[in-house]
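A.B. asks: Using the numbering used here, read the sequence shown as starting at -12 and increasing by one per residue.
Every residue gets a Cβ at the ideal spot worked out from N, C-alpha and C, and that includes glycine.
Because the structure is a prediction, the values reported are computed rather than measured.
Dropping the structure in here first, questions after.
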Amino acid sequence: MAKRNPKNKPKKNTPKPQSAKRRPKAQAVSAPLLERDHLFRDHTTNNDLLYKKIFFGIAAVGLCLMLMMSQFTGINEDDKFHNPYEQKLISYYSSGGKDKAALAEDQKGKMNFYGGFFDLSSGIVNRILGSSDPNNAMYHKVRHFWNALIGFLIFLFGGLLAKEIGGWRLGILALLMLFLSPRILGHAVMNPRDIPFAAGYVMAIYFITLFLKQISEPTEGFPIPKWSTLVGLALGIMIAVGARVAGVLVVCYLGLFTLIQYVLLNGFGGIFGNLKKLLPYIAWGGIASIAGFFLALLFWPYGLESPIQHSVKALTQFSNHHANIRILFDGGIAWSRDVPWNYLPQWVAVTVPLFIYIGIAGFLIFFTKIFKRYSLIPLALAAFTFLFPYLYIFYKGSPLYDGWRHLTFTYGSLVVLAATGIYIIYELFQSKKAVTYVLGGVLFLTALDPAIHIARNFSYAYVYFNPLVGGVNGAFGHYETDYWGVSIERGLDWLIENEKIHEKGTKENPVVILTNKPYPTQKYISKYGGKIKQVYSNYYRRDQHKWDYALYVSRFMQANHLQAGTWPNDKTIHTIDVSGAPILAIMKEDKNLLNQAHTASKNGEFDKAIQLLQQETQAYPNNEAGWYKLSEAYVRKNDLANAEQAVDQCLKVAPQLTSCMGTKGRLLLQKNQADQAISIFKTALDNDAGDANSAYYLAMIYNQKNDLNSAMKYIQHTLERAPTFGAAYNLAIEISKKGNNQQAVEQFTRLRKQYTGR
-12 MAKRNPKNKP KKNTPKPQSA KRRPKAQAVS APLLERDHLF RDHTTNNDLL
38 YKKIFFGIAA VGLCLMLMMS QFTGINEDDK FHNPYEQKLI SYYSSGGKDK
88 AALAEDQKGK MNFYGGFFDL SSGIVNRILG SSDPNNAMYH KVRHFWNALI
138 GFLIFLFGGL LAKEIGGWRL GILALLMLFL SPRILGHAVM NPRDIPFAAG
188 YVMAIYFITL FLKQISEPTE GFPIPKWSTL VGLALGIMIA VGARVAGVLV
238 VCYLGLFTLI QYVLLNGFGG IFGNLKKLLP YIAWGGIASI AGFFLALLFW
288 PYGLESPIQH SVKALTQFSN HHANIRILFD GGIAWSRDVP WNYLPQWVAV
338 TVPLFIYIGI AGFLIFFTKI FKRYSLIPLA LAAFTFLFPY LYIFYKGSPL
388 YDGWRHLTFT YGSLVVLAAT GIYIIYELFQ SKKAVTYVLG GVLFLTALDP
438 AIHIARNFSY AYVYFNPLVG GVNGAFGHYE TDYWGVSIER GLDWLIENEK
488 IHEKGTKENP VVILTNKPYP TQKYISKYGG KIKQVYSNYY RRDQHKWDYA
538 LYVSRFMQAN HLQAGTWPND KTIHTIDVSG APILAIMKED KNLLNQAHTA
588 SKNGEFDKAI QLLQQETQAY PNNEAGWYKL SEAYVRKNDL ANAEQAVDQC
638 LKVAPQLTSC MGTKGRLLLQ KNQADQAISI FKTALDNDAG DANSAYYLAM
688 IYNQKNDLNS AMKYIQHTLE RAPTFGAAYN LAIEISKKGN NQQAVEQFTR
738 LRKQYTGR
């Protein structure tokens, strides 16, 4: 028997021992940072079926409420941009892309940079229902109905996101808190600009949560999320991007949290060490993102023409938005390009229901317990998607106005966090009946205020302020109320019913309504065939028009005037009120003495103007326009004593009114009281940074005092606010010559030529 060759002995299949140092290092790199059960906790209970029915029952009732509210909410001022854009979109698609009006940039609305999902679908719904005339009020009611349907997604998916955090009971709580938030509810039924974006945003966040949850489930082979999740995620992205191209933000969220979750489950080494595990995340997330983006492009002609280039241009346009609007904030006047740092947090603080405070306090106090008890990924998503947009806006210094409506899309995430904060208090102390009773009682009381507001003011629910600022009555004169003019409809209803204005006017001699909200006014009166006519006018320039009635919201009114309690003035025959505060003044003009005086002054008939204005001020002593125009007429006659008496009376009626302050300052200058004039002009400028005239006179005074630095500061302020102010360029050139600054002389000479042609 042949001997076995020792060289041919079978080798033992024993692994070669590794060094003691190397093994723990490899394990540390590939070890998960957290187990899946930390990311998505199971909150199933025996009563889930019941709670699920309650959730969707509340959602159904809420939807019916929203659809009803949409029909009683007036046309808003931003509809004037969406209405023509809607028609351009329909023309683009019905012409097979030949009519390219939807691609053109309009100077004010810049609607071509907005996605067309909402506007196109709204227009199609209107056509299906047989409402094809965009100039009547019913067309807008259909749009509001569609607005409410899209807006409902915020409430539905906000509640479902909370359910993913802590179960159906938490979902029910979040859903109720959303429906009891008047600001978001009021916007949801009539805001075509911000609500569709918010709906897509919240919907996408919910489906990102489901996507991450399903793709992390243990499985053999290639994990596949549910098709319903991928479709929902794509639709959420489509709606968000289809409203604004900035909706790609949700795609960034998807990528960021995909990476975070993958690292938490696989360790940092898993990013490069096991690409097979990472591939499903990339593949399915990429498919949903690409599908959502290109579905959005189908509704956006501008994007269709050049998907990448025009998307980047639209993003740049929104990032560099330079709208500069005068706004009422914290009892004073600010400008949207220069709002104080506390503008956003303060607006949120005074307009959210008080139960949000309780919830956020609970969230912060029990922060660690919340993250140990509830699902980590949806919690982190809610927190990040609420905070990041605010931090980004602070970083960019973006222009802001109309409260926090530009950040409406973050409110769903805020409510989810607040609901979690309330729910943790309940769960931690549910064994202590006294605590739960107190919590329930406090929640009931804090929910009662917004509930009553919604019930009483369902036509303009968005005009809400919480008890911390004294409600709407306490906020009046300190914050904007009905800045969109949705109360115009109720005002016109009152005029039709009580003044019969549709019977008084004829086509040859129509009833003239003066208003600072011309778009909704025009749409509501169009059905009267020219018997009623609307004329736009700033409230403080109403003397320049002949009118019969006026409808004015307090938008662009000066803060001190509102706070003085003299608006609405004596000519007001009715007001639309919210919680005792007027949001719309309905005024009646009988003799048009102001307009007659205005005409007389233009013709140099100052005695006649003074006589008319004396009659006006005697009949209506709290009409600031009468006193101001009277002071100006006396100035024209060089009757400075009477002019000063009239302007002082004007300032009693409307303290620190810019126009009256300007006249007062000029009168002081004529009396050689330059220091007192400086004080007046500075006060006027502090109240209204857009007051170019006061800045001009300050520059003139400091120039006369040879304080050239101060003079240059104020003349530059003047020209920033009034770039076509010819006399200001002349003064700027004079100041520059005094300072031997030839370069500045040449610059101001060039700008004068550019802006004035001289």
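Output the distance between the C-alpha atoms of Thr817 and Leu479, rounded to the nearest integer angstrom.
C.D. replies: Residue coverage of the chain in this structure runs from -12 to 745, which leaves residue 817 outside it and unanswerable.
A.B. asks: Between the C-alpha atoms of Pro569 and Lys533, what's the straight-line distance to the nearest angstrom?
C.D. replies: Each residue's alpha carbon lies about 24 Å from the other.
A.B. asks: From Ser666 to Leu655, what does the alpha carbon distance come to, in whole angstroms?
C.D. replies: Taking the straight line from one Cα to the other gives about 10 Å.
A.B. asks: Give, in chain order, every unbroken run of the alpha helix (DSSP H) that is at least 4 residues long and sits entirely within the stretch 612 to 668.
C.D. replies: Those alpha helix (DSSP H) runs which fall completely within the stretch 612 to 668 and span 4+ residues are 627 to 640 and 645 to 657.
A.B. asks: Can you list, in chain order, the residues of its chain whose CB lies under 8 Å from that of Lys520, leaving out five sequence neighbours each side?
C.D. replies: Correct list, in chain order: Gly492, Pro497, Val498, Val499, Ile500 and Ile512.
A.B. asks: On the DSSP bridge list, what partners appear for Ile573?
C.D. replies: DSSP lists Leu538 and His561 as partners of Ile573.
A.B. asks: Could you round the C-beta distance between Gly61 and Ser446 to whole angstroms and report it? I think they count as a contact, below 8 Å.
C.D. replies: The Cβ separation is near 7 Å, so the contact holds.
A.B. asks: On the premise that Ile702 lies in contact with Ala714, defined as a C-beta separation below 8 Å, what is that separation, rounded to the nearest angstrom?
C.D. replies: No, Ala714 and Ile702 are not in contact; Cβ-Cβ is about 10 Å, not under 8 Å.
A.B. asks: Along the alpha helix (DSSP H) that carries Val499, what are the first and last residues, could you check?
C.D. replies: Per DSSP, Val499 belongs to no alpha helix (DSSP H); it is in the beta strand (DSSP E), Val498 to Thr502.
A.B. asks: Between the stretch 15 to 31 and the stretch 195 to 210, do at least 3 Cβ pairs fall closer than 8 Å?
C.D. replies: With a cut-off of 8 Å, the stretch 195 to 210 and the stretch 15 to 31 count as touching, because enough Cβ pairs lie within range.
A.B. asks: Start and end of the beta strand (DSSP E) containing Gly319?
C.D. replies: From DSSP, the beta strand (DSSP E) with Gly319 extends over Gly319 to Trp322.
A.B. asks: Is it buried or exposed, Gly516, if we count other Cβ atoms within 10 angstroms and call 16 or more buried?
C.D. replies: Result: exposed.
A.B. asks: Output the distance between the C-alpha atoms of Pro340 and Gln643, rounded to the nearest integer angstrom.
C.D. replies: Each residue's alpha carbon lies about 33 Å from the other.
A.B. asks: Is Phe100 buried or exposed, if buried means 16 or more other CB atoms sit within 10 Å of its CB?
C.D. replies: So Phe100 ends up on the buried side.
A.B. asks: Enumerate, from N- to C-terminal direction, the unbroken alpha helix (DSSP H) stretches of 4 or more residues contained entirely within the stretch 189 to 247.
C.D. replies: Listed in chain order, they are 214 to 228.
A.B. asks: Do Ala233 and Phe281 count as a contact pair if the criterion is CB distance below 8 Å?
C.D. replies: Going by C-beta atoms, Phe281 is not nearer than 8 Å to Ala233.
A.B. asks: Would you tell me roughly how many angstroms separate the C-alpha atoms of Thr196 and Cys239, rounded to the nearest one?
C.D. replies: Cα-Cα distance, rounded: 14 Å.
A.B. asks: Please identify the residue among Asp673, Lys651, Asn674 and Ala676 whose C-alpha is closest to the C-alpha of Ala664.
C.D. replies: Per the Cα distances, Lys651.
A.B. asks: Kindly list the residues whose CB is nearer than 6 Å to the CB of Leu21, restricted to its own chain and excluding five residues on each side of it in sequence; keep chain order.
C.D. replies: Closer than 6 Å at the Cβ level, and outside the excluded window around Leu21, lie Leu251.
A.B. asks: In the DSSP assignment, find the unbroken beta strand (DSSP E) run with Phe316 in it and report its ends.
C.D. replies: Here the beta strand (DSSP E) through Phe316 covers Arg313 to Phe316.
A.B. asks: Measure the beta-carbon distance from Leu617 to Ile597 and round it to whole angstroms, keeping in mind my assumption that it falls under 8 Å.
C.D. replies: Yes, Leu617 and Ile597 are in contact; Cβ-Cβ is about 7 Å, under 8 Å.
A.B. asks: Counting only the same chain and skipping the five closest in sequence on each side, list residues whose C-beta sits under 8 Å from that of Phe358.
C.D. replies: If we look at Phe358 and ignore the five residues flanking it on each side, its Cβ neighbours are Leu366.
A.B. asks: So Leu199 packs on Ala46, CB below 8 Å; how close in whole Å?
C.D. replies: Not quite, the Cβ-Cβ distance comes to about 24 Å (not below 8 Å), so this is no contact.
A.B. asks: Taking the straight line between their C-alpha atoms, what separation do you get for Thr423 and Leu430?
C.D. replies: The straight-line gap from Cα to Cα measures roughly 10 Å.
A.B. asks: Just to confirm, are Ala434 and Leu167 a CB contact at a threshold of 8 Å?
C.D. replies: Result yes, Cβ atoms of Ala434 and Leu167 sit closer than 8 Å.
A.B. asks: Alpha carbon to alpha carbon, what distance is there between Leu600 and Asp635?
C.D. replies: The alpha-carbon atoms of Asp635 and Leu600 are separated by roughly 15 Å.
A.B. asks: In this structure, does DSSP put Tyr754 in helix, strand or coil?
C.D. replies: Residue numbering for the chain in the displayed model covers -12 to 745; residue 754 lies beyond these limits and cannot be assessed.
A.B. asks: Which class does Ile519 belong to by DSSP, given the choice of helix, strand or coil?
C.D. replies: Of the three classes helix, strand and coil, the one that applies to Ile519 here is strand, per DSSP.
A.B. asks: Between Asn123 and Lys658, is the Cβ-Cβ spacing less than 8 Å?
C.D. replies: No, these two residues do not count as a Cβ contact at 8 Å.
A.B. asks: Quick check: what's the CA-CA separation for Pro(-3) versus Leu265?
C.D. replies: A caution first: Pro(-3) carries a pLDDT of 46, below 50, which makes its placement in the model too unreliable to give a value.
A.B. asks: Please list the segments of the beta strand (DSSP E) lying wholly inside the stretch 359 to 387, counting only runs of 3 or more residues, in order along the chain.
C.D. replies: Listed in chain order, there is nothing to give.
A.B. asks: So, helix, strand or coil for Tyr449, using DSSP?
C.D. replies: In the structure shown, Tyr449 sits in coil (DSSP, three-state: anything other than H, G, I, E or B).
A.B. asks: Alpha helix (DSSP H) containing Arg114: first to last residue?
C.D. replies: Taken as a continuous stretch (DSSP letters only), the alpha helix (DSSP H) holding Arg114 covers Phe104 to Ile115.
A.B. asks: Taking DSSP's pairing of strands, which residues face Ala568 in a bridge?
C.D. replies: Per DSSP, Val565.
A.B. asks: Please list, in chain order, all residues of the same chain as Val326 whose beta carbon is under 6 Å from its beta carbon, the five residues on each side excluded.
C.D. replies: Around Val326: Leu387.
A.B. asks: Beta-carbon within less than 7 Å of Leu147's beta-carbon, same chain only, minus the 5 sequence neighbours each way: which residues are those?
C.D. replies: Here the set comprises Gly158 and Tyr193.
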